[in-house]
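Each remark here refers to the structure printed beneath this line.
Residue numbers (my numbering): 930 to 1257.
Now the structure itself:
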């Protein structure tokens, strides 16, 4: 015999938790689960509706109650196992920077981490520590979700943060920053903030941060010198990257290659050829793109690209003939 839930608020939460399961619950089964009468279930359903929860009811032998989509998201009630599963999933998503859900995963993880009981937080962190994720190809910079949640909380609470930082040349320093936004760029995270020691805006790779903590001091409101944080990161990274202006003649009609050249600018020369002008930060990528266009290509500039293509052609020829040049 189930113990009756006589506390009305507690019983409503239990009922709401059951209705969040994607199925239709007969009133008799709900009454048995909560050890109350079917009449009490009907009254509790009416109370939930008065609170704004859209509970639908169907009549008949197979009828019952179910929670349907409404204008607002109701509180999500999770048991211990569900809470651990969701927290681990969110930490994995934030660490792996899954395209399109990184910021949402981080926001949800921040909220969940604040309300998890200590026993569950301990289980989640033990499981996270015991699991070694393999980064996707091209993503060798894993980020600690605890650092992300600390920074996100400081941004939300408008608090100044301190952290250790390792620059690209390995130099270690301590930073005193008013955090502005976190930016997920591909498989890397960047913090945009105002560096109080350097009196200027900076971007920081989050995988190079250590010992991040909020100081309790209010961050000073400032206007970012860009349209938004993502644009600021893009501008800074573009300015730091070596950029090559490439000019080439493609022996194919513009319509034939337009969808294959990425963001390059195409200009028709005649019915059978066109001119490509492109700005890239790596010769490897541009050489790869030119050799996969499916047409003859004549490179005009830069000289480094022509040399790179010669080396690439030599390696391809040696590979095709089974020859090699040891030591190169």
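Cβ atoms here follow ideal geometry from the backbone N, Cα and C, with glycine treated the same way.
Owing to the predicted nature of the structure, the values given are computational and were not obtained by experimental measurement.
If you draw a straight line from the alpha carbon of residue i to that of residue j, how long is it in whole angstroms?
{"i": "residue 971", "j": "residue 1137", "result": "57 Å"}
{"i": "residue 968", "j": "residue 950", "result": "22 Å"}
{"i": "residue 1263", "j": "residue 1093", "result": "Outside the shown range of the chain, which is 930 to 1257, sits residue 1263, and nothing can be said about it."}
{"i": "residue 1098", "j": "residue 1185", "result": "44 Å"}
{"i": "residue 1127", "j": "residue 1113", "result": "24 Å"}
{"i": "residue 922", "j": "residue 945", "result": "What the structure shows of the chain is the stretch from 930 to 1257, and residue 922 is not part of that stretch, so it cannot be assessed."}
{"i": "residue 1164", "j": "residue 1109", "result": "16 Å"}
{"i": "residue 987", "j": "residue 1045", "result": "36 Å"}
{"i": "residue 1154", "j": "residue 1167", "result": "16 Å"}
{"i": "residue 1227", "j": "residue 1246", "result": "19 Å"}
{"i": "residue 1243", "j": "residue 1211", "result": "19 Å"}
{"i": "residue 943", "j": "residue 958", "result": "13 Å"}
{"i": "residue 880", "j": "residue 1095", "result": "Absent from the structure is residue 880, since the part of the chain shown begins at 930 and ends at 1257."}
{"i": "residue 983", "j": "residue 975", "result": "10 Å"}
{"i": "residue 978", "j": "residue 1053", "result": "35 Å"}
{"i": "residue 1133", "j": "residue 1033", "result": "21 Å"}
{"i": "residue 1235", "j": "residue 1214", "result": "13 Å"}
{"i": "residue 939", "j": "residue 997", "result": "21 Å"}
{"i": "residue 937", "j": "residue 1122", "result": "48 Å"}
{"i": "residue 1100", "j": "residue 1145", "result": "27 Å"}
{"i": "residue 1140", "j": "residue 1159", "result": "25 Å"}
{"i": "residue 1196", "j": "residue 1209", "result": "18 Å"}
{"i": "residue 1240", "j": "residue 1225", "result": "18 Å"}
{"i": "residue 1148", "j": "residue 1135", "result": "19 Å"}
{"i": "residue 1018", "j": "residue 941", "result": "28 Å"}
Below 8 Å CB to CB, which residues in the same chain sit around residue i once its five sequence neighbours on both sides are set aside?
{"i": "residue 1201", "result": "1180, 1181, 1182"}
{"i": "residue 1194", "result": "1205, 1206, 1207"}
{"i": "residue 1042", "result": "1016, 1050, 1078"}
{"i": "residue 1124", "result": "1104, 1105, 1106, 1130, 1131"}
{"i": "residue 1230", "result": "1174, 1175, 1176"}
{"i": "residue 1020", "result": "1038, 1053, 1057, 1074"}
{"i": "residue 960", "result": "966, 967, 969, 970"}
{"i": "residue 1086", "result": "1143"}
Helix or strand or just coil, what does DSSP make of residue i?
{"i": "residue 1138", "result": "strand"}
{"i": "residue 1196", "result": "strand"}
{"i": "residue 1017", "result": "helix"}
{"i": "residue 1093", "result": "strand"}
{"i": "residue 1242", "result": "helix"}
{"i": "residue 1179", "result": "strand"}
{"i": "residue 1087", "result": "coil"}
{"i": "residue 1225", "result": "coil"}
{"i": "residue 939", "result": "helix"}
{"i": "residue 996", "result": "strand"}
{"i": "residue 1072", "result": "coil"}
{"i": "residue 1049", "result": "helix"}
{"i": "residue 958", "result": "helix"}
{"i": "residue 1230", "result": "strand"}
{"i": "residue 1201", "result": "coil"}
{"i": "residue 1174", "result": "strand"}
{"i": "residue 911", "result": "There is simply no residue 911 to check, as the chain begins at 930 and stops at 1257 in what is shown."}
Leaving aside the five residues before and after residue i along the sequence, list all residues of the same chain whose C-beta is less than 6 Å from its C-beta, in chain order.
{"i": "residue 953", "result": "993, 995"}
Determine the closest residue to residue i out of the options, with distance taken between C-alpha atoms.
{"i": "residue 1232", "options": "1173, 1249, 1220, 1225", "result": "1173"}
{"i": "residue 962", "options": "974, 947, 976", "result": "947"}
{"i": "residue 1157", "options": "1146, 1130, 1147", "result": "1130"}
{"i": "residue 1238", "options": "1224, 1087, 1220, 1197", "result": "1220"}
{"i": "residue 1152", "options": "1146, 1161, 1240", "result": "1161"}
{"i": "residue 1198", "options": "1177, 1189, 1081", "result": "1177"}
{"i": "residue 985", "options": "1196, 1100, 955, 1047", "result": "955"}
{"i": "residue 1120", "options": "1081, 1150, 1007, 1088", "result": "1081"}
In chain order, what residues of the same chain lie with their CB nearer than 7 Å to the CB of residue i, ignoring the 5 residues before and after it?
{"i": "residue 1049", "result": "1009, 1012, 1013"}
{"i": "residue 1083", "result": "1090, 1108, 1143"}
{"i": "residue 1189", "result": "1222"}
Under 7 Å between C-beta atoms, does residue i make it to chain C?
{"i": "residue 1217", "result": "Chain labels in this structure do not include chain C; a single protein chain is all it has."}
Item to complete: Give, in chain order, every unbroken run of the beta strand (DSSP E) that is at least 3 residues long and sits entirely within the region 1095–1154.
Response: Qualifying beta strand (DSSP E) stretches, in chain order: 1101–1114, 1117–1124, 1129–1134, 1138–1147.
Item to complete: Pick out the complete alpha helix (DSSP H) segments inside the region 960–992, 4 residues or longer, and give them in chain order.
Response: 967–979
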